[in-house]
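Residue numbers (the numbering used here), protein chains in the order written: chain A, 27 to 246; chain B, 20 to 719. Glycine residues also receive a C-beta, built at the ideal position from the N, C-alpha and C atoms.
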Amino acid sequence: MASVCSNRPWQETAIVSAGQSDNFFLWVDAIGVWQVFCREDLLIGAAAATDEVADIPLLAPLSRRHARFLRQDDSWFLLPLQSCAVGGRAVTGQTLLRNGSEIQLGDRVRLRFRIPSVLSASARLDFLSGHQPRLSLSGVLLMADTLLLGPRPDNHVCCPGWPDSVVLYRRQQQLLCRSRMPLTLADAPLPDQQDLSQGAILSGPELRFRLEPGRTNSAV
Amino acid sequence: MKFTFAPDTRPLEGITIKRAIHRGGFGEVYYAVTDAGKEVALKLLHNNLEVELRGVSQCLNLKHPNLVTIFDIRQDAERDHWIVMEYVGGQSLHDALQQHADGMPLQQVLNWLTGMTAGLSFLHDRGLVHRDLKPANIFSDGGVVKVGDVGLSKFISESRRSAQTQSVGTVYYMAPEVARGRYGREVDVYSLGIMLYEMMTGRVPFEGESAGEILMKHLTAEPDLRLLPTPLRAVLAAALEKDPERRIHDVETLQQRFREAVAATGLPLQQPAVFHSLQSDELFPGSPQAVRPQAVAGAAAAAVGAGMAAAAAATVNTAPAAAGTAAPQAAMARETGFAFGSLRQFWNEDLPAPVRWMLTGAFLLAGLRSGLLTSPVAQGLAIGWLAWWMFGRRGKSQPSTDSGNVQQNRGFKYDWQYGTESQSADSRNPQSAAAGRRLDSTLIVPQQLSAVATATGTAGARPQQAAQPRPVAQRQSRPTELTPDTVRTFTFSQRLLNATTSMSLALLTAVFVTAAVFLGTEILRTPVEAVYFGTATLLAAWPLLLISKLWEGRRGESLLRRFGLGVCGLGVGALCGVVAEFLLLINSPVPSGIFLVDSEGLLGNREAAGLRVLQGGYPTIMGFSLFFCLLFMLRRWWLQADNFRAARFRIGTSILTLIVGGMVALIVPFPTALGSTLALAVSVVLQVSSVWTPPELRDR
Chain A
27 MASVCSNRPW
37 QETAIVSAGQ
47 SDNFFLWVDA
57 IGVWQVFCRE
67 DLLIGAAAAT
77 DEVADIPLLA
87 PLSRRHARFL
97 RQDDSWFLLP
107 LQSCAVGGRA
117 VTGQTLLRNG
127 SEIQLGDRVR
137 LRFRIPSVLS
147 ASARLDFLSG
157 HQPRLSLSGV
167 LLMADTLLLG
177 PRPDNHVCCP
187 GWPDSVVLYR
197 RQQQLLCRSR
207 MPLTLADAPL
217 PDQQDLSQGA
227 ILSGPELRFR
237 LEPGRTNSAV
Chain B
20 MKFTFAPDTR
30 PLEGITIKRA
40 IHRGGFGEVY
50 YAVTDAGKEV
60 ALKLLHNNLE
70 VELRGVSQCL
80 NLKHPNLVTI
90 FDIRQDAERD
100 HWIVMEYVGG
110 QSLHDALQQH
120 ADGMPLQQVL
130 NWLTGMTAGL
140 SFLHDRGLVH
150 RDLKPANIFS
160 DGGVVKVGDV
170 GLSKFISESR
180 RSAQTQSVGT
190 VYYMAPEVAR
200 GRYGREVDVY
210 SLGIMLYEMM
220 TGRVPFEGES
230 AGEILMKHLT
240 AEPDLRLLPT
250 PLRAVLAAAL
260 EKDPERRIHD
270 VETLQQRFRE
280 AVAATGLPLQ
290 QPAVFHSLQS
300 DELFPGSPQA
310 VRPQAVAGAA
320 AAAVGAGMAA
330 AAAATVNTAP
340 AAAGTAAPQA
350 AMARETGFAF
360 GSLRQFWNED
370 LPAPVRWMLT
380 GAFLLAGLRS
390 GLLTSPVAQG
400 LAIGWLAWWM
410 FGRRGKSQPS
420 TDSGNVQQNR
430 GFKYDWQYGT
440 ESQSADSRNP
450 QSAAAGRRLD
460 STLIVPQQLS
470 AVATATGTAG
480 ARPQQAAQPR
490 PVAQRQSRPT
500 ELTPDTVRTF
510 TFSQRLLNAT
520 TSMSLALLTA
530 VFVTAAVFLG
540 TEILRTPVEA
550 VYFGTATLLA
560 AWPLLLISKL
570 WEGRRGESLL
580 RRFGLGVCGL
590 GVGALCGVVA
600 EFLLLINSPV
610 PSGIFLVDSE
620 GLLGNREAAG
630 LRVLQGGYPT
640 IMGFSLFFCL
650 LFMLRRWWLQ
660 ADNFRAARFR
670 IGTSILTLIV
680 GGMVALIVPF
690 PTALGSTLAL
700 AVSVVLQVSS
710 VWTPPELRDR
């Protein structure tokens, strides 16, 4: 694992039951906010005033169903439903996304696709053109099995100033967290296998982040 | 980083905190969402004192696309004040600077400048001054530059308690007159100038290990503009002018002049305009191909949700009465500064080296022969200048020299000033408590500055915040020039080789110099006198060379070294006296005229400790000893012989040595013409003959 410092044992705790929600917001103090999706099929499109259909609804001149992100094994693909380009080239069929690919949706929206860590198939979408959901996000995380939060540039969420990394990972129906740092929940040591599906605020030395379950969208 | 409020709390009715953004100088900033879904930034002002919020309210209804908008000021149940303001999502200038450690591409500099100028100009037009401009307060949201923390600096001056929370980061951008409690819009021009310098070069012009040291540099040190392309130097110099009356008066003018200067450079806008090299002067004029390709940018930076600001206002309280006359004055100052700069540039860059050397020789000989250098007027000038050099330069720690390189010697003057060797200061604890003390003990600093400095020094106890400018230690990790101060390792045989090479060369140089003095001036009349002159020059230069090569690359206390040289000078003087006696130039029936002392000197012919320095108008052996002792003590000779000295030969150094020689001769007393010429000859021999490494070939 990416971590460097101590020999403390890894502590793990279930913090979100995966059954409750397939996405959550990750609010990281002094760093930013990411929306994390634990799905293999995601719809991106324009935000709607009522009956939101897209998982990632952007305030942008797009179709409500503009494209889909699909994960097959450890690879991510873009399935265009409307005009899309990858790496400057217009695509019509399912296209493999590589680390660093620039995705263009319609004429205006540009996203950067990244797979920051070689240890995980989880991907990150950065907003290049300034088109955002209603609440602005630092980015979107497409979680495969693990997410790394920490000081290194190859972490999915790069948190300069953190002493060590935190790993979020999925096992069966649960989302778990482990770290060599002592993490606390509401100022008490993090209990093992705790169901925290209503959301959790985790603190450690020089860090604090909150997991907030997002709405579940079944309209796809 | 600990924050007072947890995510998902509601300190104010209808607003939910989602996460903390950063902790700034005035309090914590949170990202929050209203019940309706509006994103806002909340700034908590940590004080329950009678905070002056009038200034903040003054800014409440300011509307400008380049200023962070303030929505409201609210009080929570604990009666703490919150500023509710626009949330700016993009990168701060501070983040952008970290991506471009060697300077930003010019186009980006111009983009930031345009936005900042528009916002500040709007503010100034309404009689308000920002006063706390710094990169952490400037944001770019979707390409729109926004200036935050408008007016909040009011708290610094009005509430001592809040001043404690001010971080050292602010000090880098603070105009000198702020220390005197003066706040015109020129304060913002100065800060903007500092930021322009930082955007161009990747570093702030005044760095230091403590807030006190940086403040002192704002007050006294001149910015090193040599990293900038020539046309930009005059603009930045005018923006960073110490005296607000002579500074560029408004941000619009600064922007306009900056744009014109950038156009004049003809450099491509996609690249940074700075070449980090010692030879920047040679490279710049008209050679864009020499500019280093753009440093690696675009490394995915953490998309830090930007913090922001807003609030109190500062009224312009210093509408300068003399505004009409001040502008032409500033222009004139600019012109003269520029003329001197171009003269220096002409001398250093355009003249071929042989011509420069020949001209130097000609000037020296002409000066000696005409007697100008030894005339009473010249001596008077020299006394005044020497006094300034020794006593008047307090606070100016890094004298820039005429050769195009910065001397970094932490010598006698520097130690004297700060009472400590600055390099040994603990860089992990940059804001040492000593900062305030240093300032308090310096008479030229007004009380108010001391207060600010003490406050900022105290703030150092807090951990560095992410949103503050980079820690000092990091700033100083940039490549620096290798100077005589650089600690190097030599083997004994290397030292021996350096010393012997230099000493053999010294023999040759001494012959040349003596011949020049003998043939070119009237000082030496007979061949015997010439032989004596050459011998004395060598007798002085050899020990100096030996000792210098022994000390080279080692850390040493300047004062101790001077003392050691003084002792050595006693011996050298005695030897020179004996040689003079041996050659029957003194203590003989027909003593040589060159030794005739025309004045009694400052010491007069008192019998100090029972020893006469003068006998029958001629110096005794004791006189010789005393002369060389003082001469050796008053110059840092080892710097003239160091292989990392700024240039092989610097005429300024030699002329200074000549003046010091003349002064010493007046004090001891000793024949002034001979004394000053000898000092000059030793300096020339020392510089020309000791081994020298050109800057581009230097390594440790």
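In angstroms with no decimal places, state the Cα-to-Cα distance between A:A80 and B:G108. Answer to the nearest angstrom: the Cα atoms are 23 angstroms apart.
Using a C-beta to C-beta distance shorter than 8 angstroms, which residues of chain A count as neighbours of B:H41? Listed along chain A, the residues sitting closer than 8 angstroms to B:H41 by beta-carbon distance are A56.
Test: B:K37 CB closer than 8 angstroms to a CB of chain A: B:K37 has a beta carbon lying within less than 8 angstroms of a beta carbon in chain A.
Name the one or two DSSP bridge partners that B:Q275 has. B:Q275 is not bridged to any residue.
Taking the runs of the beta strand (DSSP E) that are 3 residues or longer, which of them lie wholly in the segment 80 to 110 of chain A? Fully enclosed beta strand (DSSP E) runs of 3 or longer: 82 to 84, 93 to 98 and 101 to 106.
Span of the beta strand (DSSP E), counted from its first residue to its last, around B:R38: Here the beta strand (DSSP E) through B:R38 covers I34 to R42.
Would you mind working out which of B:I34, B:W131, B:A700 and B:L64 sits nearest B:T533, comparing C-alpha positions? Residue B:A700 is the option with its Cα nearest to B:T533.
May I ask you to list, following chain order, the residues of the segment 153 to 167 of chain A that have a beta carbon less than 7 angstroms from some beta carbon of chain B? The residues in question are G156, R160, L161, S162, S164 and G165.
Contacts around B:N606, its chain only, beta-carbon distance under 6 angstroms, and the 5 residues preceding and following it disregarded: So the list reads E600, once near-sequence residues are dropped.
Under 7 angstroms (Cβ pairs) to chain B, residues found in the segment 49 to 75 of chain A: If you check each beta-carbon in the segment 49 to 75 of chain A against every beta-carbon of chain B, the ones closer than 7 angstroms belong to W53, V54, D55, A56, I57, G58 and V59.
Do you know how far the Cα of B:V190 is from the Cα of B:I36? If you draw a straight line from the Cα of B:I36 to the Cα of B:V190, it is about 31 angstroms long.
Note down, in chain order, each residue of its chain lying with its Cβ closer than 8 angstroms to the Cβ of B:G612, except the 5 sequence neighbours on either side. Here the set comprises R544.
Sorted by chain position, which residues of the same chain lie with C-beta nearer than 7 angstroms to B:R574's C-beta, five sequence neighbours on each side aside? Taken in chain order, the residues that qualify are V506.
Tell me the rounded alpha-carbon separation between A:A93 and A:V117. Going from the Cα of A:A93 to the Cα of A:V117 covers about 11 angstroms.
Output needed for B:A518: all residues of its chain with C-beta closer than 8 angstroms, excluding positions within five of it in sequence on either side, in chain order. Residues L564, L565, K568 and L569 of the same chain have their beta carbon placed closer than 8 angstroms to that of B:A518, with the five preceding and five following residues left out of the count.
If you measure from the beta carbon of B:I30 to each beta carbon in chain A, is any gap under 8 angstroms? The sequence shown places Pro at residue 30 of chain B, rather than the Ile named in the question. It does not; no Cβ of chain A falls within 8 angstroms.
Give the residues of chain B in contact with A:I82, contact being defined as C-beta atoms less than 7 angstroms apart. Per Cβ cutoff of 7 angstroms: no residues; A:I82 is ~16 angstroms from chain B at best.
Check whether the segment 118 to 127 of chain A touches the segment 166 to 178 of chain A, taking contact to mean three or more Cβ pairs, one atom from each stretch, closer than 8 angstroms. Flag = no, the segment 118 to 127 of chain A and the segment 166 to 178 of chain A do not touch.
Measuring only between beta-carbons, confirm whether A:I227 sits less than 8 angstroms from chain B. A Cβ of chain B is located within less than 8 angstroms of the beta carbon of A:I227.
Using a cut-off of 9 angstroms between C-beta atoms, extract the partners of B:G146 located in chain A. From the beta-carbon of B:G146, no residue of chain A is found nearer than 9 angstroms; the closest lies around 34 angstroms away.
Taking A:R136 as the query, report the chain B residues whose CB atoms sit under 8 angstroms from its CB, ordered along the chain. Using a Cβ-Cβ cut-off of 8 angstroms, A:R136 is close to nothing in chain B; its nearest Cβ partner there is about 13 angstroms away.
Look at the alpha carbon of B:L273 and the alpha carbon of B:A280, and state the distance between them as a whole number of angstroms. Near 10 angstroms, if we compare the C-alpha coordinates of B:A280 and B:L273.
With H, G and I counted as helix, E and B as strand and the rest as coil, what does DSSP make of B:Y50? The answer is strand: DSSP assigns B:Y50 an E or B state.
Quick one: is B:F511 buried, meaning 16 or more other Cβ sit within 10 Å of its Cβ, or exposed? Classification of B:F511: exposed, given that the 10 Å Cβ count is below 16.
Please list the terminal residues of the continuous alpha helix (DSSP H) segment that includes B:D207. For B:D207, the uninterrupted alpha helix (DSSP H) run begins and ends at E205 to T220, by DSSP.
Taking buried to mean at least 16 other C-beta atoms within 10 Å of its own C-beta, is B:N80 buried or exposed? It counts as exposed.
Whole angstroms is fine: what's the gap from B:S695's alpha carbon to B:M641's? Per the coordinates, the alpha-carbon of B:S695 lies some 18 angstroms from the alpha-carbon of B:M641.
C-beta neighbour in chain B for A:R236, strict 8 angstroms: Yes - at least one Cβ of chain B is within 8 angstroms of the one on A:R236.
So is B:L400 buried or exposed if we call it buried at 16+ other beta carbons inside 10 Å? Exposed: under 16 other Cβ atoms inside 10 Å.
Assign A:R197 to one of three DSSP states: helix, strand, or coil. Correct three-state label for A:R197: strand.
Which residues in the same chain have their Cβ closer than 8 angstroms to the Cβ of B:D95, if we skip the five residues on either side of it in sequence? Result list for B:D95: P30, L31 and W101, in chain order.
Is B:D661 near B:P562, with beta carbons less than 8 angstroms apart? Taking 8 angstroms as the cut-off, the beta carbon of B:D661 is found no closer than this to the beta carbon of B:P562.
Measuring straight from C-alpha to C-alpha, what distance separates B:P371 and A:V183? So the two alpha carbons sit approximately 57 angstroms from each other.
Tell me the residue span of the alpha helix (DSSP H) that contains B:F582. Start and end: S577 to F601.
Once DSSP output is grouped into helix, strand and coil, what is the label at A:W188? Here A:W188 carries a coil assignment [DSSP, helix/strand/coil].
Could you give the C-beta distance for B:G138 and B:V163, rounded to a whole number, given that I count them as a contact under 8 angstroms? The Cβ separation is near 10 angstroms, so there is no contact.
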